[in-house]
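Take a look at the structure set out below.
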Amino acid sequence: MSYDLLIKNGLVILDNGEIETDVAIKDGKIAAIGSNLGDAAEVIDAKGLVVSPGMVDAHVHITDPGGSYRDDWEGYLTGTKACAKGGVTSFMEMPLNQVPATVDAKTLQIKVDAGQNKLTADVASFGGLVPFNIEGGIQELDEGGVAAYKCFMATCGDRSIEGDFMNADDYTLYEGMRQIAKTGKVLAIHAENATITDKLGEIAYKNGETTLKAYVASRPVFTEVEPIRRAILFAKETGCRIHICHVACPEGVEEVTRARNEGVDVTCETCTHYLYFDTSELDEIGPIVKCSPPIRDKENQNGMWEKLLAGEIAFVTSDHSPCTPDLKDKENAFEAWGGIAGVQNNVDVLFDEGVQKRGMSLRLFADIIAANPAERFNLSSKGHIAIGKDADIVLIKPNAPYTLQTEDLEYKNKISPYVGREIGAQVARTILRGETVYSLEDGVSDTRPGEFVFVNGETTYSSDTRSEAFVSVK
């Protein structure tokens, strides 16, 4: 048999472990794995490289459309190019900060339309749970093919902007969970206690505090743990499957593990920046490293690594949430936008910090960047190097240190806390459904083969085969 592409001689991460073997690709799918597979139109010699499933980043914010308010924030064109350069072949897009927020069929279609012919990675979507969409919006989003739902227990959104996202009060959380449980899909939750963190931040600001260290102190660990417990209690009551986003403390992970052991369908993620930065260096870096929950101290970071290596954290994400430079360039950290640009540096940083420095197995590495998020959100064609799956692959060059420079960034606004850092591994090539979208030699492709991916029950489908159900509720 003749294939479209043959990847030879690489160390391939399969579901049962890594092996030096060849991978054959036909019509965008993995067609064969083994030796002496035959001929191909294109052959890539991956000798000395790790062949991993492409990353499925389950937490990315693309602000497209910007609704005339955020037009200069991250767009699909630049955001998905950064994905390609960083080894991210698919991502789950959050229902904010685009305007309007993705809360019903109409706004989901607006977002999909905004991304047409701009994608260098595949995109699945979260639908929002907000106080103003619990009358019909959740059902429309399910029929429209969102992969999951997202809500905020922390304060979010700009009330001066019509259609902006809004955090969920307890009734919205409860009623939304009741409705989402009927869809069988997962509700992802930003768990911080809004009342307490808002007030502690206000007090610190009035007292003249300006530093990131003070910002971290205004969002103590218990303000994460308490809403995680509350969300779990609501999940027990409603039967809703839940996922806790960007957990930044081991105590939060422990709540999730305890609940899961009790039979609750709950998982959690952490983010690359919580595993890389710590409080002591934040003020030296500046507000580009501000986020919420905040980056905590070194002891906390070590605890997060322990939880990750023990398998208690389902996957790692970027929580890529960039803005324009003026919103970060503040003398007072409390006034700066809280979000980190990171989607381009998940794979290389995690491989270096996890596999090379801490002895993480390649199998666990592939699980936390690809297999686990794909399975949790039913992206059934993604996440594995296995026959019949989409040929979404990243080739990693180990023990190949480089220092990230501003000009290396593909983001619309070239700011990132990783700039200036030496990273000990490199993404050598990214392949999306059999097509190279990035290589060290040639950079990012201009072909834009990415697609929107939709989920309907147990079925995953692309833009070209979207269900008639969605069309009927537009």
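For the sequence shown, my numbering assigns the number 328 to the initial residue and increments by one for each residue that follows.
Here a beta-carbon is modelled for each residue, glycine too, at the ideal position from N, C-alpha and C.
Quick caveat, the model's predicted, so the values are computed rather than measured.
Which residues bound the beta strand (DSSP E) around N783? Taken as a continuous stretch (DSSP letters only), the beta strand (DSSP E) holding N783 covers 779-783.
Consult DSSP for A727 and reduce its assignment to one of helix, strand or coil. Of the three classes helix, strand and coil, the one that applies to A727 here is coil, per DSSP.
Let me check one thing: in DSSP terms, what residues is M493 bridge-paired to? Answer by DSSP bridge pairing: none, since M493 is not bridged.
Looking at V383 and G406, is the spacing between their C-beta atoms short of 9 angstroms? No, these two residues do not count as a Cβ contact at 9 angstroms.
Could you tell me the alpha carbon to alpha carbon distance between C576 and L654, rounded to whole angstroms? Taken atom to atom, the span from the alpha-carbon of C576 to that of L654 is near 27 angstroms.
Spatially closest choice to G784 from K509, D717, G414, A359, by CA coordinates: The shortest Cα separation from G784 among K509, D717, G414, A359 belongs to K509.
Are the segment 523-543 and the segment 571-591 in contact at 8 angstroms, needing three or more beta carbon pairs? As far as the Cβ criterion goes, the segment 523-543 does not touch the segment 571-591, which means the pair count is below three.
Backbone CA spacing between K445 and K408 [nearest angstrom]: Using only the alpha carbons, I get a separation of about 9 angstroms.
Assess contact between the segment 592-607 and the segment 626-633, defined as three or more Cβ pairs (one per stretch) separated by less than 8 angstroms. Is contact present? By the C-beta criterion, the segment 592-607 is judged to be in contact with the segment 626-633, since at least 3 inter-stretch pairs fall below 8 angstroms.
Taking the straight line between their C-alpha atoms, what separation do you get for A518 and C572? The alpha-carbon atoms of A518 and C572 are separated by roughly 7 angstroms.
What whole-angstrom Cβ distance do I609 and I622 have, given they're in contact under 8 angstroms? According to the sequence as given, residue 609 is Leu; it is not Ile. L609 to I622, Cβ: 6 angstroms. Contact.
Using a Cβ-Cβ cut-off of 7 angstroms (strictly less than) and excluding sequence neighbours within five positions of W664, which residues of its own chain qualify? Sequence-distant Cβ neighbours of W664 in its own chain, meaning closer than 7 angstroms and more than five residues away, are C650, L654, K655.
Checking 9 angstroms against the spacing of the C-beta atoms, do D525 and N424 come in under that value? With respect to the 9 angstroms criterion, D525 and N424 are not classified as neighbours on the basis of their beta carbons.
Neighbourhood of T733 by C-beta, 7 angstroms cutoff - its chain only, sequence neighbours within 5 removed: Non-local beta-carbon contacts of T733 in its own chain, meaning distances under 7 angstroms to residues more than five positions away in sequence, involve K741, V746 in chain order.
So, using beta-carbon positions, are V674 and V754 closer together than 9 angstroms? The Cβ atoms of V674 and V754 sit closer than 9 angstroms to each other.
CA-to-CA distance, A351 to L341, given in whole angstroms: Their backbone Cα atoms lie some 14 angstroms apart in a straight line.
Evaluate R685 with the Cβ neighbour count: other Cβ atoms within 10 Å of its Cβ, from every protein chain shown; 16 or more gives buried, anything less gives exposed. R685 is exposed by the Cβ-count criterion.
Member of G414, E626, I758, D431 whose CA lies at the smallest distance from the CA of V548: Distances from the alpha-carbon of V548 to those of G414, E626, I758, D431 put E626 closest.
Which residue's Cα is closest to the Cα of K433: T644, A474, G454, K512? Measuring from the Cα of K433, the nearest candidate turns out to be G454.
Taking 9 angstroms as the threshold (C-beta atoms), are I712 and S379 in contact? In this structure, S379 sits near I712, with a CB-CB distance shorter than 9 angstroms.
Buried or exposed: which applies to P614, given that a residue is buried once 16 or more other Cβ atoms fall within 10 Å of its Cβ? P614 is buried by the Cβ-count criterion.
Straight-line Cα distance separating R703 from K563: It is roughly 18 angstroms from the alpha-carbon of K563 to the alpha-carbon of R703.
Where G413 falls: helix, strand or coil (DSSP): Three-state DSSP puts G413 in a helix.
Do I461 and G402 have their beta-carbon atoms positioned less than 9 angstroms apart in this structure? I461 sits away from G402, with the two beta carbons spaced by 9 angstroms or more.
Skipping 5 residues on each side, what residues in its chain have a beta carbon closer than 6 angstroms to that of Y532? Around Y532: F661.
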